[in-house]
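Visitor:
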Ligand SMILES: [Zn+2]
C-alpha cells in the first residue's frame, strides 16, 4: 500500500466513525454534535462541533471531508469552504480521490470490482 492509499484509507475510516456519530445524533434529535476530524493523520484526536445540516452538506459529495482548521494536507486536497470551527476539503490528488470515492459508505454497492 503506498502513502496516498494509506492516507485515503485513514480518512475513509474517520468518515465511517462520523457516519455512526451522525446516526446516533439523529436518533437523539440533536441538531449539532461533535464529529472527529477527518484528516489523514491516524493519531489525530481532534473533535469539531458541526451541525447535522452542515455534516450532510459535507457528505453530499463522496470526495469531500471535514477537518480541523490547519489539518488540511495541501498535497492531496484543497479547502473549498472555511466555516471557522472546521473546514471542508475536496480530495484533488487522483489516487486519494479514487480511493475515498470507492470507500464511500453512501455510494452503495459498486457495480463491479470485488
Ligand atoms: Zn486532524
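Numbering (this note's numbering), first residue to last: 2 to 115.
Every residue, glycine too, gets a C-beta built ideally from N, C-alpha and C.
Since we're looking at a predicted model, the values are computed, not measured.
(1) My output table needs one value for residue 73: the three-state DSSP class, helix, strand or coil.
(2) Assign residue 104 to one of three DSSP states: helix, strand, or coil.
(3) Flag residue 72 as yes when its Cβ comes closer than 6 Å to any non-hydrogen atom of ligand 1, and as no otherwise.
(4) Looking at residue 46 and ligand 1, is the gap between the Cβ and the nearest heavy atom below 6 Å?
(5) State buried or exposed for residue 100, treating a residue as buried only when at least 16 other CB atoms are found within 10 Å of its CB.
Guide: In this structure, then:
(1) coil
(2) coil
(3) yes
(4) no
(5) buried
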